[in-house]
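Quick note, the sequences are listed as chains A, B, C and D, same order.
So the first sequence is numbered by full-length UniProt numbering: it starts at 1 and just counts up by one.
So the second sequence is numbered by full-length UniProt numbering: it starts at 1 and just counts up by one.
So the third sequence is numbered by full-length UniProt numbering: it starts at 1 and just counts up by one.
So the fourth sequence is numbered by full-length UniProt numbering: it starts at 1 and just counts up by one.
Where a beta carbon is used, it is the ideal one built from N, C-alpha and C, also for glycine.
Treat the numbers as computed from the prediction; the structure is a model and nothing was measured.
As structure tokens, the structure follows; a few thoughts come after it.
4 protein chains.
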Amino acid sequence: MSMNSFGHMFRVTTWGESHGPALGATVDGCPPGVPVDEAMLQHWLDKRRPGQNKNTTQRNEPDAVKILSGVFDGKTTGTSIQLMIENTDQRSRDYGEISQTFRPGHADLTYHLKYGNRDYRGGGRSSARETAARVAAGGIAREAIKALVPGLEIKGYMTQMGSLEIDRGAFDWDAIEQNDFWIPQGAQVAQEWEDYLQALRKEHDSVGAIIEVVARGVPAGIGAPIYAKLDTDLAAAMMSINAVKGVEVGEGMAAAALKGSENADEIYLGADGQPEFSSNHAGGILGGISTGQDVVVRFAVKPTSSILTPRKSIRIDGSPTEVITKGRHDPCVGIRAVPVGEAMMACVILDHLLLHRGQVGENQGQIG
Amino acid sequence: MSMNSFGHMFRVTTWGESHGPALGATVDGCPPGVPVDEAMLQHWLDKRRPGQNKNTTQRNEPDAVKILSGVFDGKTTGTSIQLMIENTDQRSRDYGEISQTFRPGHADLTYHLKYGNRDYRGGGRSSARETAARVAAGGIAREAIKALVPGLEIKGYMTQMGSLEIDRGAFDWDAIEQNDFWIPQGAQVAQEWEDYLQALRKEHDSVGAIIEVVARGVPAGIGAPIYAKLDTDLAAAMMSINAVKGVEVGEGMAAAALKGSENADEIYLGADGQPEFSSNHAGGILGGISTGQDVVVRFAVKPTSSILTPRKSIRIDGSPTEVITKGRHDPCVGIRAVPVGEAMMACVILDHLLLHRGQVGENQGQIG
Amino acid sequence: MSMNSFGHMFRVTTWGESHGPALGATVDGCPPGVPVDEAMLQHWLDKRRPGQNKNTTQRNEPDAVKILSGVFDGKTTGTSIQLMIENTDQRSRDYGEISQTFRPGHADLTYHLKYGNRDYRGGGRSSARETAARVAAGGIAREAIKALVPGLEIKGYMTQMGSLEIDRGAFDWDAIEQNDFWIPQGAQVAQEWEDYLQALRKEHDSVGAIIEVVARGVPAGIGAPIYAKLDTDLAAAMMSINAVKGVEVGEGMAAAALKGSENADEIYLGADGQPEFSSNHAGGILGGISTGQDVVVRFAVKPTSSILTPRKSIRIDGSPTEVITKGRHDPCVGIRAVPVGEAMMACVILDHLLLHRGQVGENQGQIG
Amino acid sequence: MSMNSFGHMFRVTTWGESHGPALGATVDGCPPGVPVDEAMLQHWLDKRRPGQNKNTTQRNEPDAVKILSGVFDGKTTGTSIQLMIENTDQRSRDYGEISQTFRPGHADLTYHLKYGNRDYRGGGRSSARETAARVAAGGIAREAIKALVPGLEIKGYMTQMGSLEIDRGAFDWDAIEQNDFWIPQGAQVAQEWEDYLQALRKEHDSVGAIIEVVARGVPAGIGAPIYAKLDTDLAAAMMSINAVKGVEVGEGMAAAALKGSENADEIYLGADGQPEFSSNHAGGILGGISTGQDVVVRFAVKPTSSILTPRKSIRIDGSPTEVITKGRHDPCVGIRAVPVGEAMMACVILDHLLLHRGQVGENQGQIG
């Protein structure tokens with residue numbers, strides 16, 4: 001039982017605080033022989049890295065990852081992999097006030113009430129900086145998936161930011177990497193999103209978002225009933241990300257409004273002798289096990305509470321105060337949550353690929 | 001690593017198939033000295049029990065639970081508790097067809113693809129009958145909670161069924177137990193819900209639902225970062241229930257549309273020297289740790305696919321077919337999901353109460 | 001984290017007390033498609049069953065095992081298997097005295113100090129009856145091993161009982177099943193062991209023993225560094241058996257007296273292109289991973305404390321007393337520990353076969 | 001499930017190879033508020049550190065530990081603690097030969113057969129250097145124990161080295177720290193041990209050893225049946241140390257030769273109202289739960305196979321060869337295993353103190 005770990009077979013343990021010397025992840029259970037180097041991981045870390053454009057925090061961290069163990073001659077050895085990211089841009093300043101005050105909507109209060117001794121510098125362990133470690137671990141997972149199931153693709157994108165939603169009729173898979181918001185829309189829409197966000201920033205406010213992550217090419221049959229269902233593990237993985245308040249698979253909450261006759265994904269036999277479906281209300285998962293369709297997960301990120309608008313709170317001595325969070329914060333943390341969601345998807349998918357291989361071996365049921 | 005278990009300290013392992021001789025739960029880690037008997041558990045099982053009114057399936061199971069171990073002289077001993085529920089109403093019939101056909105929206109196909117050898121009688125292990133074991137285990141959790149934190153209350157209710165939603169302006173906590181739908185509304189509304197559901201049933205259709213579960217009186221400080229957050233574990237617990245497609249904490253998916261200035265729960269010092277809040281957008285959880293407010297979780301249940309309306313599918317040999325699911329099925333499985341959601345909440349809350357006691361001992365941070 | 005479970009992939013959770021209605025094991029993670037029926041399991045339970053000859057306790061339990069879940073059409077389905085053994089010969093009697101007194105060398109005292117509420121009837125959860133559940137689970141493991149690695153053989157035998165030791169020069173593998181002591185020796189030696197034990201019984205005494213368990217045909221490469229080494233898991237498995245006080249692999253404690261030049265198992269290339277060894281001081285395990293040689297484990301069982309010779313103790317109120325344990329007890333619990341040790345070996349070996357398959361897939365290193 | 005982790009509540013995950021850039025341990029589940037700094041940990045690392053006298057390897061590593069997370073203002077925060085030890089004395093040399101040859105008695109062969117890609121530099125992950133991480137984690141455990149149970153003392157010492165055994169009649173607890181062998185004997189005996197070992201070294205040989213670790217002041221009632229017994233966890237912990245071939249609790253393997261009348265530890269009521277015992281054959285554990293007596297564990301370490309005496313082996317291509325292990329190796333690895341055994345004892349004891357607190361709260365059973 002480890003509070004800082006997730007995964008059954010591919011097990012990731014993260015450590016580190018926002019303003020400590022370093023943070024990282026211990027990755028256990030990666031198969032041997034997977035080609036991995038620091039540059040491969042850096043690619044994904046750069047995607048999450050702050051300070052890259054005006055839509056994210058201006059904290060400037062190189063987020064350079066070092067592989068300290070478990071890789072030899074450019075390949076994983078099957079032993080535990082240590083990934084370390086040193087913190088460099090920890091602005092020195094007086095933490096006196098923040099150490100005595102609880103920011104509304106932050107974990108300041110709950111960490112204090114739980115532990116007494118909390119690292120208040122930049123949120124300490126509760127900071128979203130922890131997700132850098134997830135992204136590094138997700139990079140390992142991606143390489144291992146590549147070795148096991150070539151062609152399996154994982155991609156995340158935003159579908160909503162505040163009052164803006166994507167137009168699914170104009171969904172453009174290839175546009176995702178071409179804008180600061182990871183939206184599957186053209187440049188003009190991206191500009192509208194930027195204008196919206198900059199206006200909010202000037203109002204000293206922040207906004208929430210929805211991120212959708214899709215895994216294509218997941219083989220049918222992974223996921224393990226009853227309490228390690230693929231959707232169960234994905235729900236936990238996404239909900240564990242900072243600021244996430246909701247998780248959906250397939251139709252998600254909207255399934256409540258559907259009739260059974262509408263919701264059924266009818267089954268056909270595909271040209272390749274595998275089952276195909278008329279629709280994907282299920283989000284690629286039935287009974288906790290993958291169907292072979294796209295696995296589709298969505299999660300909502302709340303607006304960051306670190307805003308310049310004053311909010312009422314109390315000090316550690318119980319006295320009332322108003323809190324304005326200065327410092328360098330993301331007006332929409334959802335943007336940088338996209339690569340984190342992808343990383344979690346990669347870790348969960350790999351985990352279940354390995355678990356299935358261990359428990360079942362080869363898929364046993366055939367069609368036809 | 002156990003695929004059929006959940007919980008860190010209070011660990012529940014379920015077993016059994018829909019039409020096997022019995023099903024049940026092994027409950028590990030219940031503290032010693034908790035008064036428990038079969039009648040206490042039966043109370044909650046009766047709430048989930050099928051065949052009680054015309055809004056649920058007509059399968060008639062007494063769902064009588066037997067305690068086979070771990071309780072002595074009317075109290076738990078601290079050792080593993082075995083709870084067994086024998087199946088009695090397994091209608092004998094020819095399963096020939098169902099064994100060869102995959103029902104759209106069911107786990108028939110995925111279990112076949114994963115395992116090859118599946119128990120097709122009534123859904124086997126993937127049947128919602130498994131949730132009876134959860135409710136029994138949840139009954140143990142409730143008694144243990146009562147011993148640890150008197151006054152902690154857990155209650156679930158429906159907030160949506162198809163196109164019907166509750167009126168939060170007329171929320172009636174005490175009405176919940178007084179209608180077949182567990183809605184916090186008066187008798188007239190309940191009648192409307194019944195009319196709606198019976199109409200659907202006559203159309204040979206089914207419908208989805210949303211259930212909300214609230215835990216009141218949860219002490220501040222339970223929940224364990226980063227991967228055993230209270231909300232993470234609740235998300236997994238609810239998503240593991242059959243047919244659940246989405247889970248929300250507090251604002252849930254709606255948080256995406258909010259601004260930071262709207263979403264902040266401002267903090268006051270209460271009369272008892274404990275923090276109080278101007279609102280509960282957070283759903284009682286910050287940074288994965290309870291705030292002392294109500295813990296609020298919602299989950300969406302899809303409409304059951306077991307309907308009399310024909311749906312296209314394939315047989316195990318790949319040939320096309322149309323499936324009509326006869327038999328005794330719930331037109332809205334969300335109704336019977338209410339006590340299941342409560343049971344999962346009880347298990348998770350107890351689990352974290354014990355975990356906190358082990359890891360931290362007494363709350364260490366004080367206010368004032 | 002489950003206190004009543006063991007295993008990584010093949011996970012066994014036991015439950016039940018000596019004098020409760022039943023006891024059993026939930027077996028999680030057994031691969032699908034393994035042929036299993038109750039008779040197969042009963043074969044091993046009968047080997048452990050009490051009351052079969054005058055060298056074991058006279059409690060007469062049929063130890064009939066029922067499979068309640070996880071097996072369909074004579075094969076495992078991949079879901080959790082519930083094995084139940086009902087207790088039948090629970091002699092009714094007055095437990096007044098035993099409930100108030102602590103037997104020296106028993107868990108009476110420690111269960112009381114830990115839990116307060118203990119099931120004192122026949123030792124409750126601490127009774128060696130719990131091992132019946134292990135033997136049933138081990139029967140499942142044996143069938144799964146048979147399917148995965150045909151020819152892998154697991155056999156246990158006694159090597160010492162009190163002052164008697166086997167003569168390794170006259171080791172007879174085939175004689176093991178032909179005497180009441182499971183010793184690899186001829187009938188004459190078995191008669192000497194019986195005479196020795198009956199003499200002890202008449203002296204109202206009991207005696208300890210050493211059991212050796214060998215697994216032949218274990219493929220090279222199973223076992224997982226650093227904390228799930230094959231020998232680590234075997235040590236835990238054997239030490240968890242009631243009354244065990246020591247565990248050895250290969251040379252065991254005697255390795256302390258050896259020089260490096262004596263202890264080295266020199267390596268050759270065998271006729272089949274696989275490594276062979278000049279000796280097996282290592283007991284078939286290097287660095288926690290199997291070498292392909294026989295895996296050899298030994299464990300020592302202390303003499304049962306349940307003897308008719310009076311021993312000084314205290315009552316629950318602190319007053320001094322003398323304890324004579326009447327009832328039906330084994331003069332040498334080591335005899336019935338043989339099938340238990342075999343069962344634990346089977347569970348651990350299967351567990352690591354599955355784990356290796358999941359983590360590594362096929363053995364990757366070749367010789368030549 | 002983590003292959004590189006151990007512990008239930010206090011969970012340690014180690015990482016790193018002998019000749020990689022660094023190694024370390026992630027410590028999860030340490031209670032908050034425990035005073036910890038690097039100097040406290042260094043004290044124990046120095047005890048294990050190589051190159052300190054002529055009886056151990058001449059590899060000279062400072063083994064300087066850095067705390068990268070989880071400690072703030074000199075106290076633990078309750079979040080994951082990262083401990084890193086950088087490798088500095090990795091002699092550069094040609095590994096060509098060692099990469100192609102399997103040393104008898106090493107994990108070279110089994111890692112190759114299991115993983116294919118192995119880090120052959122200095123044993124890689126299988127090197128005893130991994131135990132430095134355990135000692136660092138054990139240092140954390142010691143401080144946490146000090147906060148929870150003042151006066152609890154853990155000490156290890158050698159009892160046998162090859163043909164030499166300590167004289168228990170002249171047992172001197174205070175002498176342990178005063179000689180290079182950690183033996184509880186006077187200076188003259190230590191000189192004899194040194195002469196013996198130096199003679200062996202000149203013969204190009206090595207030798208095995210037995211280490212005993214004692215925990216004094218362990219409260220009664222810790223340890224959790226059935227598969228997390230205190231002795232089960234200690235057996236696993238000790239057997240997981242490199243080169244260990246046997247583990248004993250209390251009488252250990254010698255229990256096999258005893259009669260029940262000899263083995264019983266009779267119970268008295270002590271002056272403080274707690275149970276006392278006439279002897280400690282049990283090694284402080286009954287039914288897997290501590291009795292309040294000294295917890296006594298022993299383990300045997302085999303002689304290192306890294307000797308200058310040639311031994312027959314094969315190369316990776318199957319061709320025969322003779323291996324002489326040059327380099328800097330311990331003639332008796334048992335010496336440096338003493339602080340490792342102590343560290344494992346500390347981790348297991350702390351783990352069970354926390355587990356008991358979580359599961360049971362306060363001891364519930366009283367005497368008198």
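Run through the DSSP bridge pairs and tell me what Ile314 (chain D) is partnered with. Here residue 314 (chain D) corresponds to residue number 314 of the fourth sequence, with the count starting at 1. Ile314 (chain D) is bridged to D:Pro320.
When you compare the CB of Met345 (chain A) with every CB in chain D, is at least one pair closer than 7 Å? Here residue 345 (chain A) refers to the residue found at position 345 when the first sequence is read from its first residue. With its beta carbon at least 7 Å from every one in chain D, Met345 (chain A) lies outside the interface.
So with Cβ pairs under 7 Å, would you call Gln359 (chain A) a contact of chain D? Sequence index remark: in the first sequence, residue 359 (chain A) carries index 359 (1-based). By this cut-off, Gln359 (chain A) is not an interface position.
Within a Cβ cutoff of 7 Å, which residues of the same chain sit near residue 375 (chain C), ignoring the five residues on either side of it in sequence? Absent from the structure is residue 375 (chain C), since the part of chain C shown begins at 1 and ends at 368.
For the beta strand (DSSP E) holding Ile145 (chain C), just list the boundary residues, first then last. The count along the third sequence starts at 1 and reaches residue 145 (chain C) at position 145. For Ile145 (chain C), no beta strand (DSSP E) run applies; the uninterrupted alpha helix (DSSP H) run containing it begins and ends at Glu130 to Leu148, by DSSP.
At 8 Å on the CB atoms, spell out the chain A contacts of Leu354 (chain C), in chain order. Residue numbering aside, residue 354 (chain C) sits at position 354 when the third sequence is read from its first letter. Neighbours of Leu354 (chain C) on chain A, chain order: Gly358 and Gln359.
Grouping DSSP H, G and I as helix and E and B as strand, with all else coil, what is Pro339 (chain B)? Position 339 of the second sequence, counting from 1, holds the residue named residue 339 (chain B). Pro339 (chain B): helix per DSSP, three-state reduction.
Please list, in chain order, all residues of the same chain as Ser99 (chain B) whose beta carbon is under 7 Å from its beta carbon, the five residues on each side excluded. In the second sequence, counting from the first residue as 1, residue 99 (chain B) sits at position 99. Excluding positions up to five away in sequence, the list reads Tyr120.
Can you list the residues of chain C that Phe102 (chain B) reaches, using a CB-CB cut of under 7 Å? In the second sequence, counting from the first residue as 1, residue 102 (chain B) sits at position 102. What Phe102 (chain B) touches in chain C, judged by beta-carbon distance under 7 Å, is nothing: the nearest beta carbon there is about 16 Å away.
Helix or strand or just coil, what does DSSP make of Ser5 (chain D)? As a first step, residue 5 (chain D) is located in the fourth sequence; it is residue number 5 there, counting from the start. The answer is strand: DSSP assigns Ser5 (chain D) an E or B state.
Give the residues of chain C in contact with Met9 (chain A), contact being defined as C-beta atoms less than 7 Å apart. In the first sequence, residue 9 (chain A) corresponds to position 9, counting from 1. Result: Gly358 and Gln359.
Tell me the residue span of the beta strand (DSSP E) that contains Ile166 (chain C). Position 166 of the third sequence, counting from 1, holds the residue named residue 166 (chain C). Boundaries cannot be given for Ile166 (chain C), as no beta strand (DSSP E) includes it and DSSP labels it neither H nor E.
Which class does Thr101 (chain A) belong to by DSSP, given the choice of helix, strand or coil? Locating residue 101 (chain A) in the first sequence gives position 101, where the first residue counts as 1. In the displayed model, Thr101 (chain A) falls within a strand according to three-state DSSP.
Indicate whether at least one CB of chain A lies closer than 7 Å to the CB of Met3 (chain C). Taking the first residue of the third sequence as position 1, residue 3 (chain C) is located at position 3. It does not; no Cβ of chain A falls within 7 Å.
Is Lys54 (chain A) buried or exposed, if buried means 16 or more other CB atoms sit within 10 Å of its CB? Residue 54 (chain A) sits at position 54 when you count from the first residue of the first sequence. Under this definition Lys54 (chain A) is an exposed residue.
Go ahead and pull the three-state DSSP assignment for Ala237 (chain D). Looking up residue 237 (chain D) in the fourth sequence gives position 237. In the structure shown, Ala237 (chain D) sits in a helix (DSSP, three-state: H, G or I).
Is the distance from the Cβ of Ala346 (chain A) to the Cβ of Ile210 (chain A) below 7 Å? For this step, residue 346 (chain A) is matched to residue 346 along the first sequence. For this step, residue 210 (chain A) is matched to residue 210 along the first sequence. With respect to the 7 Å criterion, Ala346 (chain A) and Ile210 (chain A) are not classified as neighbours on the basis of their beta carbons.
Consult DSSP for Tyr157 (chain C) and reduce its assignment to one of helix, strand or coil. Along the third sequence, read from residue 1 onward, the residue named residue 157 (chain C) stands at position 157. Looking at Tyr157 (chain C) - three-state DSSP - the assignment turns out to be strand.
Cβ-based burial, Pro339 (chain B) [other Cβ within 10 Å; buried from 16]: Reading the second sequence from its first residue, position 339 is the one you call residue 339 (chain B). The residue in question, Pro339 (chain B), is buried, as its Cβ has 16 or more Cβ neighbours within 10 Å.
Unbroken stretches of the beta strand (DSSP E), 3 residues or longer, contained in the segment 170-219 of chain C: As far as the segment 170-219 of chain C is concerned, its whole beta strand (DSSP E) runs of at least 3 residues are 209-216.
Taking only beta-carbon atoms, is Pro35 (chain D) less than 7 Å away from chain A? Residue mapping note: residue 35 (chain D) aligns to position 35 of the fourth sequence, counting from 1. Cβ-Cβ to chain A under 7 Å: no for Pro35 (chain D).
Quick one: is Phe72 (chain B) near chain C, going by C-beta distance under 7 Å? To locate residue 72 (chain B), count along the second sequence from 1; it is residue 72. The beta-carbon of Phe72 (chain B) is placed less than 7 Å from the nearest beta-carbon of chain C.
Look at the alpha carbon of Ile154 (chain A) and the alpha carbon of Phe181 (chain A), and state the distance between them as a whole number of angstroms. On the first sequence, residue 154 (chain A) is found 154 positions in, with the first residue counted as 1. On the first sequence, residue 181 (chain A) is found 181 positions in, with the first residue counted as 1. C-alpha separation (whole angstroms): 17 Å.
Specify, as a first and last residue, the run of the alpha helix (DSSP H) that Leu109 (chain C) falls within. Locating residue 109 (chain C) in the third sequence gives position 109, where the first residue counts as 1. Start and end: Asp108 to Tyr115.
Could you check how far apart the C-beta atoms of Ala132 (chain A) and Asp37 (chain A) are, in whole angstroms? I think they sit under 8 Å. In the first sequence, the residue the question calls residue 132 (chain A) occupies position 132. In the first sequence, the residue the question calls residue 37 (chain A) occupies position 37. The pair is not a contact, with the Cβ atoms about 18 Å apart (cut-off 8 Å).
Name the DSSP beta bridge partners of Lys229 (chain B), please? As a first step, residue 229 (chain B) must be located in the second sequence, where it is residue number 229. Partner(s): none; Lys229 (chain B) has no beta bridge.
May I ask which residues mark the beginning and end of the beta strand (DSSP E) holding Met84 (chain C)? Against the third sequence, residue 84 (chain C) aligns to sequence position 84. Its beta strand (DSSP E) spans residues Ile81 to Glu86.
Can you pull the chain B neighbours of Gly125 (chain C), defined as C-beta to C-beta under 9 Å? Here residue 125 (chain C) refers to the residue found at position 125 when the third sequence is read from its first residue. Here the sequence assigns Arg to residue 125 (chain C), which means Gly is not the residue at that position. Per Cβ cutoff of 9 Å: Ser69, Gly70, Thr77, Gly78, Thr79 and Ser80.
Could you give the first and the last residue of the continuous beta strand (DSSP E) run that contains Ser69 (chain B)? In the second sequence, the residue the question calls residue 69 (chain B) occupies position 69. DSSP places Ser69 (chain B) inside the beta strand (DSSP E), whose first and last residues are Val65 to Ser69.
To which residues of the same chain is Gly341 (chain C) closer than 8 Å at the C-beta, ignoring the five residues directly before and after it? To locate residue 341 (chain C), count along the third sequence from 1; it is residue 341. So the qualifying residues of the chain are Gly156, Ile211, Val213, Met238, Ile241, Val297 and Phe299.
Under 9 Å between beta-carbons, which chain D residues line up against His106 (chain C)? List them in chain order, please. In the third sequence, the residue the question calls residue 106 (chain C) occupies position 106. Here the neighbours are Leu286 and Gly287.
Taking 8 Å as the threshold, find out whether the segment 242-262 of chain B comes into contact with the segment 244-254 of chain A through three or more Cβ pairs. In this structure the segment 242-262 of chain B touches the segment 244-254 of chain A; the number of beta carbon pairs closer than 8 Å is three or more.
Examine chain D for any beta-carbon lying closer than 7 Å to the beta-carbon of Leu269 (chain C), and answer yes or no. Translated into the one-based positions of the third sequence, residue 269 (chain C) becomes position 269. Nearest CB-CB separation between Leu269 (chain C) and chain D: below the 7 Å threshold.
Quick check on Thr79 (chain D): buried or exposed, where buried means 16 or more other Cβ atoms within 10 Å of its Cβ? Counting from one through the fourth sequence, the residue named residue 79 (chain D) turns up at place 79. Buried, because 16 or more other Cβ atoms sit within 10 Å of the Cβ of Thr79 (chain D).
Keeping to the same chain, check which residues put their C-beta closer than 8 Å to that of Gln274 (chain A); ignore five residues upstream and five downstream. Indexing the first sequence from 1 puts residue 274 (chain A) at position 274. Annotation for Gln274 (chain A): Ala220, Gly292 and Ile367 place their beta carbon closer than 8 Å to its own, counting only its chain and skipping 5 residues before and after.
Report yes or no: is there a C-beta of chain A within less than 7 Å of the C-beta of Pro21 (chain D)? Residue 21 (chain D) sits at position 21 when you count from the first residue of the fourth sequence. Interface residue, yes.
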